[in-house]
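Asks: Here you go, one structure.
In the working numbering, the protein residues as written are 68 to 845.
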């Protein structure tokens, strides 16, 4: 596995060592010690070394190499990466604070106010030590890994295909007479093959790993009535590490069948393979199965030899990726869903009680069996594997209940079940690097929890998982990340709004268990679950409290904590006061929503790294005097008193280019002020939004050139003010039709004009500004 910690710290060092950052740091570094002056170079050296280490870890992960020597070395790399992440965070904080002050004396005062933080000299010393340790780590792996396993210690076997891990020949596979829940999809697939239309059709069968996509297609592929419709056919498994020549060579072998005397497959080069396959396929009605396709790129390459000969040829692909499936036409895409409760139970019983009449479950095992089936959450692969294993065990309640309580451990450690984990794990293994942290982060949520899109993306941003891309806001990039994870079948969409935008997602139970297991392995987070069992690695960076029975583990080191989220609403103030925030100086995310608390300690205001604070549904009445955030959520709270200077929180939301008011948003809102949004260049008001709005003021949106789209829908509006706007906006406004608004005031760079009844600027508008930048609803 690529270690997500290494990936994240590489990104952070890249930001810290960028030219723009170093320009800001130069006044601080230029007149100090030799080590301080060498700090940028040391950070770059560490970054370069970690990039090589990351590439090495990726190779190790792809080969499933589990040597204890390698695993110990990876743990040492991870610990060092955590140390470097802390250093980078402190360095960036020093630079950002210096940027906001005019003199070195102000910076010295700041340092005194945060005694727990390192001085710049201490940061430079630590970076120098880490640089030497990273170099030593690289030497260490050469000293110890090679003598044990040889120079080429990564094994050649690469089980990265679902077909290699799970195929119809395995004794835990589903026989035709045991298939359940596929009738509808099988009928659609067969009908797609029987269509008499002559053009070549690509049919996609897609869904998350373990749903039985290959089983479904194989069942149809073995059907003589189907095969007889085609002159030739081939089944080719595609791995993530495919080579196009191997794919074509295997396809040619399959088409020739047992008669391979006509050619020597090993001696044919790429050009000859293409010519030979094209000549065969251009004259025959063919059926090609491309199983377990991971990228659209490989399909485009294979299509070079898929001749559309007008004979009604068909290509079926199986994939976990929606983007790959989109290559098929709309009517030729089959999404395989988890089995419903009835079919899940039927499939499980067929495997668990194969000798019982009608596969009936004994009454004493019924409840435990139901619990096991529920945990499988409709995944045929797990139902078949677990049912087959239980068919060999003693049939008593105690034995089965013990198995259920150890189910997750069994999936990881039982050789008869770990193929389930491996197949699910392929989806994580082949995630792009920038999505791995985002996926693992969702392990913090409880089982069957409805995860809201906005909250999740804001958490990702606060953690630093989202990168700026062009002119897109972080929120927009985060939504792209989320969509890609959904398209890769890592998440399931539970609800969409009226504009078909994602509202809520959830994780399949076993996929969530995979995330928890991987998080524990990488010290990514600790989960306190509903039976008081702590699933925690060594010094985790994040803590999620799902149930608080036995107290937070005292052996954990709170000084390294980055995230604390409480889902147990019974958790008292004293339970988390003792743990944070006094020692958790690196805390980035603090979510206490729903807790029966009335105050939060003032020391939270001293957390230099805090980006996200959520106090929804609490009784908190006052915020700390000193606080600096990106996201502050106070829904359904009693927070009435905002500290002095609250309006200067520059990191609070909005840096995007577009503002969209979607349908049914803010139905009762009377007044809106949009002020000082430097990046916004378009505002769109959808029909049904802001239906009660009476007062609109847009001020100092320098990049806004066009009148807000959909302003014609604001039939209840009485006054609209556009002040200190660009001259081009003024021209567009005067050309537009705003007849439904009685009073419209416009000013641009000292020139003002009035449309309709207004002839002068009225008295000062009655609104309160709650933040120095952003938009405010009154």
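All C-beta atoms, glycine included, are put in the ideal place defined by N, C-alpha and C. The structure presented is a predicted model; accordingly, all values stated were derived computationally and were not measured.
Per DSSP, residue 268 is paired with what?
Replies: For residue 268, which the question treats as bridged, DSSP gives the partners 381.
Asks: Strictly by DSSP, which residues pair up with residue 550?
Replies: None; residue 550 has no bridge partner.
Asks: Note down, in chain order, each residue of its chain lying with its Cβ closer than 6 Å to the Cβ of residue 702, except the 5 sequence neighbours on either side.
Replies: Here the set comprises 683.
Asks: How far does the alpha helix (DSSP H) with residue 282 in it reach, from first residue to last?
Replies: Residue 282 -> alpha helix (DSSP H) spans 280–288.
Asks: According to the neighbour-count rule (16 or more other Cβ atoms, all chains shown, within 10 Å of its Cβ), is residue 608 buried or exposed?
Replies: Classification for residue 608: buried.
Asks: Excluding the five sequence neighbours on either side, which residues of its own chain have a C-beta within less than 8 Å of the C-beta of residue 553, listed in chain order?
Replies: 389, 559, 560, 569 and 572.
Asks: Taking contact to mean at least 3 C-beta pairs separated by less than 8 Å, is the stretch 528–536 in contact with the stretch 357–370?
Replies: No, the stretch 528–536 does not touch the stretch 357–370.
Asks: Could you check the C-alpha separation between residue 699 and residue 145 for me, to the nearest Å?
Replies: Near 31 Å, if we compare the C-alpha coordinates of residue 145 and residue 699.
Asks: For residue 727, write down the residues that DSSP places opposite it in a beta bridge.
Replies: The partner list for residue 727 (beta bridge, DSSP) reads 751.
Asks: In chain order, what are the residue ranges of uninterrupted alpha helix (DSSP H) at least 4 long that sit wholly in the stretch 341–423?
Replies: DSSP runs (the alpha helix (DSSP H)) wholly in the stretch 341–423: 363–369, 389–392 and 408–419.
Asks: Classify residue 409 as buried or exposed, calling it buried when 16 or more other Cβ atoms lie within 10 Å of its own Cβ.
Replies: Answer is exposed; the Cβ neighbour count stays below 16.
Asks: Excluding sequence positions up to five away, which residues of its chain have a Cβ less than 7 Å from the Cβ of residue 516?
Replies: Excluding sequence neighbours, residue 516 sits near 573.
Asks: Excluding sequence positions up to five away, which residues of its chain have a Cβ less than 8 Å from the Cβ of residue 666?
Replies: Only 640, 687, 688 and 689 meet the Cβ criterion.
Asks: Which one of 190, 800 and 451 has the shortest CA to CA distance from residue 277?
Replies: The residue with the shortest Cα to Cα distance from residue 277 is 451.
Asks: Mind checking whether residue 73 and residue 121 have CB atoms under 7 Å apart?
Replies: Cβ distance < 7 Å, so residue 73 and residue 121 count as in contact.
Asks: Per DSSP, what kind of secondary structure is residue 678 in: helix, strand or coil?
Replies: Coil.
Asks: What is the C-beta distance between residue 777 and residue 753, in whole angstroms, given that I count them as a contact (C-beta under 8 Å)?
Replies: Contact flag correct, Cβ pair sits at about 6 Å.
Asks: Please determine, among 545, 651, 633 and 670, the residue with the shortest C-alpha to C-alpha distance to residue 658.
Replies: Comparing Cα positions, the closest option is 633.
Asks: Would you report the Cα separation of residue 584 and residue 495, rounded to the nearest angstrom?
Replies: Using only the alpha carbons, I get a separation of about 12 Å.
Asks: Taking residue 571 as part of the beta strand (DSSP E), name the residues at either end of that continuous run.
Replies: Where residue 571 is concerned, the enclosing beta strand (DSSP E) stretches over 569–573.
Asks: Of the residues 435, 141 and 261, which one's Cα is nearest the Cα of residue 208?
Replies: Ranking 435, 141 and 261 by Cα distance to residue 208 puts 141 first.
Asks: What residues match up with residue 655 in a beta bridge as DSSP calls it?
Replies: According to DSSP, which records beta bridges pairwise, residue 655 is partnered with nothing at all.
Asks: Using a Cβ-Cβ cutoff of less than 7 Å, which residues in the same chain neighbour residue 557 once the five nearest sequence positions on both sides are dropped?
Replies: Counting only Cβ-Cβ distances below 7 Å, and skipping sequence neighbours, we find 494, 506 and 578.
Asks: Assuming contact is defined by CB atoms lying nearer than 7 Å, are residue 734 and residue 749 in contact in what I supplied?
Replies: Against a cut-off of 7 Å, the Cβ pair of residue 749 and residue 734 comes out as no contact.
Asks: If we call anything under 7 Å between Cβ atoms a contact, is residue 124 one with residue 161?
Replies: For residue 124 and residue 161, no; Cβs fall outside 7 Å.
Asks: So, using beta-carbon positions, are residue 247 and residue 413 closer together than 7 Å?
Replies: Cβ atoms of residue 247 and residue 413: closer than 7 Å.
Asks: Enumerate in chain order the residues of its own chain whose CB-to-CB distance from residue 374 is below 7 Å, with the five nearest sequence positions on each side excluded.
Replies: So the qualifying residues of the chain are 345, 348 and 349.
Asks: Taking Cβ to Cβ, would you say residue 774 is nearer than 7 Å to residue 803?
Replies: Yes. Within cutoff.
Asks: Check this for me: beta carbons of residue 281 and residue 358, under 7 Å apart or not?
Replies: Yes. Within cutoff.
Asks: Based on Cα-Cα distance, which residue from 812, 362 and 806 lies nearest to residue 789?
Replies: Nearest option by C-alpha distance: 812.
Asks: Using the Cα positions of residue 770 and residue 746, report the straight-line distance between them to the nearest angstrom.
Replies: Each residue's Cα considered, the two are about 6 Å apart.
Asks: Could you check where the beta strand (DSSP E) with residue 738 kicks off and where it finishes?
Replies: That run of the beta strand (DSSP E) goes 738–742.
Asks: So what does residue 788 bridge to, in DSSP terms?
Replies: DSSP lists 764 and 812 as partners of residue 788.
Asks: Would you say residue 610 and residue 631 are within 7 Å of each other, going by their C-beta atoms?
Replies: Cβ atoms of residue 610 and residue 631: closer than 7 Å.
Asks: Is the beta carbon of residue 418 closer than 7 Å to that of residue 454?
Replies: Yes, Cβ-Cβ distance for residue 454 and residue 418 is below 7 Å.
Asks: For residue 292 and residue 260, what's the separation of their Cα atoms in angstroms?
Replies: Their Cα atoms are separated by approximately 11 Å.
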